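All the letters of the sequence shown, read from the start, carry residue numbers 1 to 86 under UniProt numbering.
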Amino acid sequence: MKRILSVTMGGLLLSFASISIADNTTPTPMDKNWTCSTNASSSDVAADKDADKQMDNTPKSAADAFAFAAKNCRDCTKITCESDND
């Protein structure tokens, strides 16, 4: 009987902890402050250098930042995006 009570109490505690964690999260805004980068190799072409610099230094919406990175991917195999939202 003690075992059943112990398991039940543990389950309730876990449930309350999960609810508490879920209530404290806020969605990440997708409309601003995103930068994306690629793992493309370095380029000597001025337009490629400018695009790489713009990717690193110009926050955009998530969709725009990803689209810009995809457009300037060159030989990349990976695009990484980060949110600068607080």
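Just so it is clear, CB atoms sit at the ideal spot from N, CA and C, and this is done for glycine as well. Keep in mind the model is a prediction, meaning the values are calculated, not measured.
- request: Could you spell out the range, first to last residue, of the alpha helix (DSSP H) harbouring K71?
  value: A62 to K71
field: Given 8 Å, three or more beta-carbon pairs between the stretch 54-63 and the stretch 23-43
entry: yes
- prompt: For V7, does the count of other Cβ atoms within 10 angstroms reach 16, so buried, or fall short, so exposed?
  reply: At V7, the pLDDT of 47 sits below 50, so the modelled position is not reliable and the matter cannot be decided from this model.
message: Give me, in chain order, the residues of the same chain whose beta-carbon lies closer than 8 Å to that of R74; leave out the 5 immediate sequence neighbours on both sides.
response: T38, A40, S41, S43 and D48
- request: Taking only heavy atoms of the ligand GTP into account, decide whether any of them is closer than 7 Å to the Cβ of T35.
  value: With respect to the ligand GTP, the structure offers nothing, as it holds no ligand at all.
Beta-carbon spacing of K80, D56 below 8 Å: The residue asked about is misnamed: residue 80 is Thr in this sequence, not Lys. Their beta carbons are not under 8 Å apart, which means T80 does not touch D56 by this criterion.
query: How big is the Cα-Cα spacing for F66 and E82?
result: 10 Å
task: Compare the beta carbon distance of A51 and N72 with 8 Å and say whether it is the shorter of the two.
output: yes
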